[in-house]
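Mapping of the sequence shown onto our numbering: residues 7 to 465, in sequence order. Even for Gly, the Cβ is constructed at its ideal location relative to N, Cα and C. Worksheet for the structure shown next.
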Amino acid sequence: MTNLNNIADIVSSLRTSYNSGKTRPLAWRKQQLEALVRMMEDNEAAFSAALKADLGKPDVEGFITDIAFVTSEVKAMIKNLKKWNKPQRVPTPIVAMPAKSQLIPEPLGVVLVIAPWNYPIQLLLVPAAGAIAAGNTVVMKPSEVSAETSALLAQLVPKYLDTSAVALVEGSVPETTALLDQHFNHIFYTGNGTVGRIVMAAAAKNLTPVTLELGGKSPVIVDASANIRVAARRVAWGKFINAGQTCVAPDYVLVDKTVEQPFIEQLKIALNDFYGSDPHVSDSYARIVSDRHFSRLTGLMKSGTAVIGGESNATDKYISPTVLTDVSLDSPIMHEEIFGPLLPIITVSNSDEAIRYVANHDHPLALYVFAEKQTVINDVLSRTTAGGVTVNGTILHLTSPHLPFGGVGESGMGGYHGISGVRLFQHMKPVLSRGTKLDPSIAYPPYTARKAKIFRKIL
Ligand code: NAD
């Protein structure tokens, strides 16, 4: 645990390092990013063990969604470091000619990254790497809820990275509050909207820009025209990976009533294929992170009838993949983000009703539509707003470095991954450079009738 009394000094020493210019050379950034990849590769087994201790994360899931996710994002940053940090030439308007115009990427200064517990490596290191690639110094604050992973990161980060420019603060609310009292040049927060508001209010005091990666209820619309077998498999995969503790997990399903039964039947088959007849003994199924979340989820389970699953075991914080029907839209499960392996199925008369329901609620972080009819897909896309969408699938839009990942409205602000994850931490400084050989006098006073005529022609 970081000593509370040291927090101001940690941030101030990163400010001194930033001001010294040491993070500006691309060579320094490349070296740090390479060290980050080495840290992941050298310690893969330790990271897997920490993820297992915190979340019962199956090794393969941990590898794909945390470990390899980080290395592939960071390797892309290394590969594109020069390109993404190169000044961009842009046109110059006639009034400013002759001149050259460019946008020069400039780091912001000292960046704070606050991460949650559900993908505790990825959600800390990918934004932190973006901040480094952009030339900033950075403070990382892992989640105290995923305590083993936090402790491991606290031990490894100073071993691999330049401690004068990259710091890790371990702790919970008091430490995060102390950090938020400091002056940063950008705060990148991933977590829930309540704390998101605390972060934004703290940032406002210093006019610090924020990126808020929040959550919410991400709906799935299953149209009557959908390929039901494929829809069920893809929904089951996206929902029950990490035992439903994924910000973009399908939260609930709005299914056309004519295909509800076949959809539930196919969910049963898919779950049996994925986790066998008793998911409790499956090596491929994770656990709930804490007792608090376990009891919250077992409470929410009472909001409907479990047509699949419904079992739980407090000793190892196990909740089986559970599908609920007879769920009232007024019940608690339809009013908070579920963030666990409970999937309410709500029937609708048609996709139009589903679209109206989604459009009348907070903008979700993700939206999924399953349909073979393009008109239905177009209708969903044009009448709803969401952070991101996968059509006929779940979760996968966030895996593309070419699609900025983030929310809108209640689900957050700002997007990252790929080049967006570097641009977030840069100011694209507009620079117009003029030569002195030519100095046309047209713009200078006195403003004669002739000059006015010329302006009317060219502007
Ligand atoms: P959490 O409890 O780990 O909190 C996140 C961070 O906020 C932690 O580092 C914690 O120390 C800090 N924190 C908590 N309370 C605080 C306070 N009062 N003041 C200052 N800092 C405080 O994680 P969580 O919020 O339970 O995470 C789950 C939420 O995150 C869900 O809503 C989920 O959808 C969302 N999420 C979003 C994304 C995304 O990329 N958009 C990814 C993962 C999770």
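For V117, there is no enclosing alpha helix (DSSP H); the residue is part of the beta strand (DSSP E) that begins and ends at 116–120.
A distance below 7 Å between beta-carbons, with the five flanking residues on each side excluded, links A14 to the following residues of its chain, in chain order: Q188. Look at the beta carbons and you see the stretch 115–122 not touching the stretch 58–69: under three pairs across the two are nearer than 8 Å. Taking a C-beta distance under 7 Å as the contact criterion, L373 and A392 qualify as a contact pair. By a beta-carbon distance limit of 8 Å, K81 does not contact V117. Their separation comes to about 21 Å. Rounded to the nearest whole angstrom, the C-alpha separation of K165 and H369 is 41 Å. A residue is called buried when at least 16 other Cβ atoms come within 10 angstroms of its Cβ; A33 does not meet this threshold and is exposed. Per DSSP, the beta bridge partners of H433 are E112. CA-CA distance, I270 to A237, rounds to 11 Å.
Distance check between V17 and each of K308, F411, A292, V175 places V175 closest, using alpha-carbon atoms only. Contact annotation: G421 and E343 have beta-carbon atoms that are not nearer than 7 Å. Secondary structure note for H299: its alpha helix (DSSP H) is the uninterrupted segment 297–306. If you look at P225, you'll find it in the beta strand (DSSP E) that goes 225–228.
Exclusion of the five residues before and after T182 leaves I120, K147 as the residues of its chain whose Cβ lies within less than 7 Å of its Cβ.
Using a C-beta cut-off of 8 Å, the stretch 245–254 makes contact with the stretch 286–304, since at least three inter-stretch Cβ pairs fall below that distance. The beta carbon of S149 sits closer than 6 Å to at least one heavy atom of the ligand NAD. Apart from the 5 residues on each side of it in sequence, S54 sits with its Cβ closer than 6 Å to the Cβ of D65, G68 in its chain, given in chain order.
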